[in-house]
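> First the structure, which I've put down as structure tokens, then a few questions once you've had a look.
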Amino acid sequence: MRQSFGETRSAFHRRHALISSDSHERVTLPAWPACGLKHLITPALGADFSLFLVEVDADTTIAAPESGVERFVLRQEGEVSVSIGGTDPKTLDHEGYVFVPSDCAHQLTLSKGARILVLERRYQPLAGTTLPEPIVNAISAHEPVAMKGDARLMLQKLLPTGDGYDLEINIMDFAPGASLPYVETHFMEHGLVLLNGGGIYRLEDNWYPVDLDGPLLPAMVRRDRPWPRPVSDLQELESRSAVSRATLSRPHPHKRSAHLLQRIACVDGSCIARHI
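Listed below in structure tokens is the structure:
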């Protein structure tokens with residue numbers, strides 16, 4: 002979509018924000034040496050998690066986050082590997098990802114030119130549960146299942162279920178013309194990211210067209226009020242989205258919240274929408 006000087010597709014509202022790629026700001030931080038970070042969602046916006054893109058300028062290693070923080074990393078391109086607890090490094094291949102629970106020693110090794118998507122949040126355990134296990138895997142390892150019986154909307158769950166895990170990370174594939182068939186209203190907090198492709202999203206009472214010209218759509222909503230879940234209307238596009246959200250969420254300020262990462266990947270000219 003064309004823009005005039007001084008215009009942006011980004012929008013901020015009381016319970017959600019859309020951050021378009023035209024307004025990304027690249028910064029550097031000591032914890033991410035030789036990297037440029039583009040923060041999409043942060044606690045400064047009122048969220049309880051951070052969601053950011055990482056572009057690697059030179060070969061580097063990244064240490065674990067501070068105590069109590071869990072981390073999810075999705076490889077987008079380039080050479081990425083992870084060593085957990087001093088074990089031999091494992092390479093993240095195409096659509097590879099790693100989930101590392103809080104207080105789990107690990108190290109990311111990133112090569113120049115690599116790009117990753119990172120979600121970090123403070124772990125919120127339920128009483129009597131144990132920490133979840135770290136996971137290194139790839140999206141392709143999960144068998145797609147029709148969502149609500151609709152074969153045009155396929156779902157892949159990337160994390161196990163269980164009280165130890167306080168979030169879900171799911172993949173959704175939309176066939177041409179498919180959409181989420183209802184507007185979901187709930188109290189959970191989400192982050193959404195559109196990597197490429199196109200579609201239409203509803204956030205509260207606002208409809209946002211997103212496409213290859215505006216490839217990133219993160220959104221934040223506060224935990225304390227219900228809101229309509231986004232609806233994808235992909236029309237002629239085949240699209241894929243990635244969704245992450247917390248499990249066992251409760252509408253209380255100190256209980257678990259949820260996150261939604263959303264992406265749409267374009268393959269050979271046809272786009273495939275995906276939810277993380």
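The sequence shown begins at 2 in my numbering and counts up one residue at a time.
For each residue, glycine too, the CB sits at the ideal point set by N, CA and C.
#1: Consult DSSP for ALA12 and reduce its assignment to one of helix, strand or coil.
#2: Which first and last residues belong to the beta strand (DSSP E) in which TYR202 is found?
#3: Which complete beta strand (DSSP E) runs does the region 28 to 106 hold, if anything under 3 residues is left out?
#4: Name the DSSP beta bridge partners of VAL137, please?
#5: Under DSSP, the beta strand (DSSP E) around GLU144 begins and ends at which residues?
#6: With respect to the beta strand (DSSP E) encompassing MET173, which residues constitute its N-terminal and C-terminal limits?
#7: Return the first residue and the last residue of the beta strand (DSSP E) that ILE20 is part of.
#8: Run the CB neighbour count on ALA179, radius 10 Å, all protein chains shown included, and call it buried at 16 or more, exposed below.
#9: Return helix, strand or coil for THR186, following the three-state DSSP convention.
#10: Counting pairs of Cβ atoms below 8 Å between the region 105 to 116 and the region 138 to 157, do you hit three or more?
#11: So, at 8 Å on beta carbons, what are the nonlocal neighbours of ALA12 in its own chain, with the 5 sequence-adjacent residues on each side left out?
#12: Mind checking VAL211: buried by the 16 CB within 10 Å criterion, or exposed?
#13: Are VAL101 and GLU71 closer than 8 Å when you measure CB to CB?
#14: Measuring only the C-alpha atoms, how far is LEU204 from LEU181?
#15: Give the range of the beta strand (DSSP E) segment to which VAL211 is assigned.
#16: According to the Cβ coordinates, are ILE172 and PHE73 closer than 8 Å?
#17: Give the range of the beta strand (DSSP E) segment to which LYS158 is assigned.
#18: Select from THR29, VAL119, LYS91, THR186 the residue whose C-alpha is nearest the C-alpha of PHE287.
#19: With three or more beta-carbon pairs closer than 8 Å as the criterion, would you say the region 27 to 34 touches the region 56 to 68?
#20: Please confirm whether LEU38 and VAL57 have their CB atoms less than 8 Å apart.
#21: Exposed or buried, which one is HIS95 when buried takes at least 16 other CB atoms within 10 Å?
#22: In the DSSP assignment, find the unbroken beta strand (DSSP E) run with VAL119 in it and report its ends.
#23: Kindly identify the DSSP beta-bridge partner or partners of THR110.
#24: Taking 8 Å as the cut-off, decide whether the C-beta atoms of TYR98 and PRO133 are in contact.
From the atom records:
#1: As a first step, residue 12 is located in the sequence shown; it is residue number 11 there, counting from the start. In the structure shown, ALA12 sits in a strand (DSSP, three-state: E or B).
#2: In the sequence shown, the residue the question calls residue 202 occupies position 201. Start and end: 200 to 204.
#3: 36 to 42, 50 to 57, 61 to 64, 70 to 78, 81 to 85, 97 to 101
#4: Reading the sequence shown from its first residue, position 136 is the one you call residue 137. Answer is VAL99, bridged to VAL137.
#5: Against the sequence shown, residue 144 aligns to sequence position 143. From DSSP, GLU144 is part of no beta strand (DSSP E); its letter is neither H nor E.
#6: Looking up residue 173 in the sequence shown gives position 172. Looking at the DSSP string, the run of the beta strand (DSSP E) that includes MET173 is 169 to 175.
#7: On the sequence shown, position 19 is the one that residue 20 refers to. Per DSSP, ILE20 belongs to no beta strand (DSSP E) and is neither H nor E.
#8: Looking up residue 179 in the sequence shown gives position 178. That one is buried.
#9: Position 185 of the sequence shown, counted from the first residue, corresponds to residue 186. If DSSP states are grouped into helix, strand and coil, THR186 belongs with the strands.
#10: no
#11: Residue mapping note: residue 12 aligns to position 11 of the sequence shown, counting from 1. These residues qualify, in order along the chain: ALA18, LEU19, ASN207, TYR209.
#12: Looking up residue 211 in the sequence shown gives position 210. Flag for VAL211 reads buried.
#13: Position 100 of the sequence shown, counted from the first residue, corresponds to residue 101. Position 70 of the sequence shown, counted from the first residue, corresponds to residue 71. For VAL101 and GLU71, yes; Cβs fall inside 8 Å.
#14: Mapped onto the sequence shown, residue 204 falls at position 203. Mapped onto the sequence shown, residue 181 falls at position 180. So the two alpha carbons sit approximately 13 Å from each other.
#15: For the purposes of this step, residue 211 is identified with residue 210 of the sequence shown, where counting begins at 1. Unbroken beta strand (DSSP E) run through VAL211: 207 to 211.
#16: Residue mapping note: residue 172 aligns to position 171 of the sequence shown, counting from 1. Residue mapping note: residue 73 aligns to position 72 of the sequence shown, counting from 1. Going by C-beta atoms, ILE172 is not nearer than 8 Å to PHE73.
#17: Taking the sequence shown and counting its residues from 1, one reaches residue 158 at position 157. Here the beta strand (DSSP E) through LYS158 covers 151 to 158.
#18: The question about residue 287 has no answer, for the chain in this structure spans 2 to 277.
#19: yes
#20: By 1-based counting over the sequence shown, the position of residue 38 is 37. By 1-based counting over the sequence shown, the position of residue 57 is 56. Not a contact, by the Cβ cut-off of 8 Å.
#21: Position 94 of the sequence shown holds residue 95. Under this definition HIS95 is an exposed residue.
#22: Taking the first residue of the sequence shown as 1, we reach residue 119 at position 118. Run containing VAL119: 116 to 123, per the beta strand (DSSP E) assignment.
#23: Your numbering for residue 110 matches position 109 in the sequence shown. Bridge partners of THR110: THR62, SER82.
#24: Here residue 98 is taken as the residue at index 97 of the sequence shown, counted from 1. Here residue 133 is taken as the residue at index 132 of the sequence shown, counted from 1. Cβ distance not < 8 Å, so TYR98 and PRO133 don't count as in contact.
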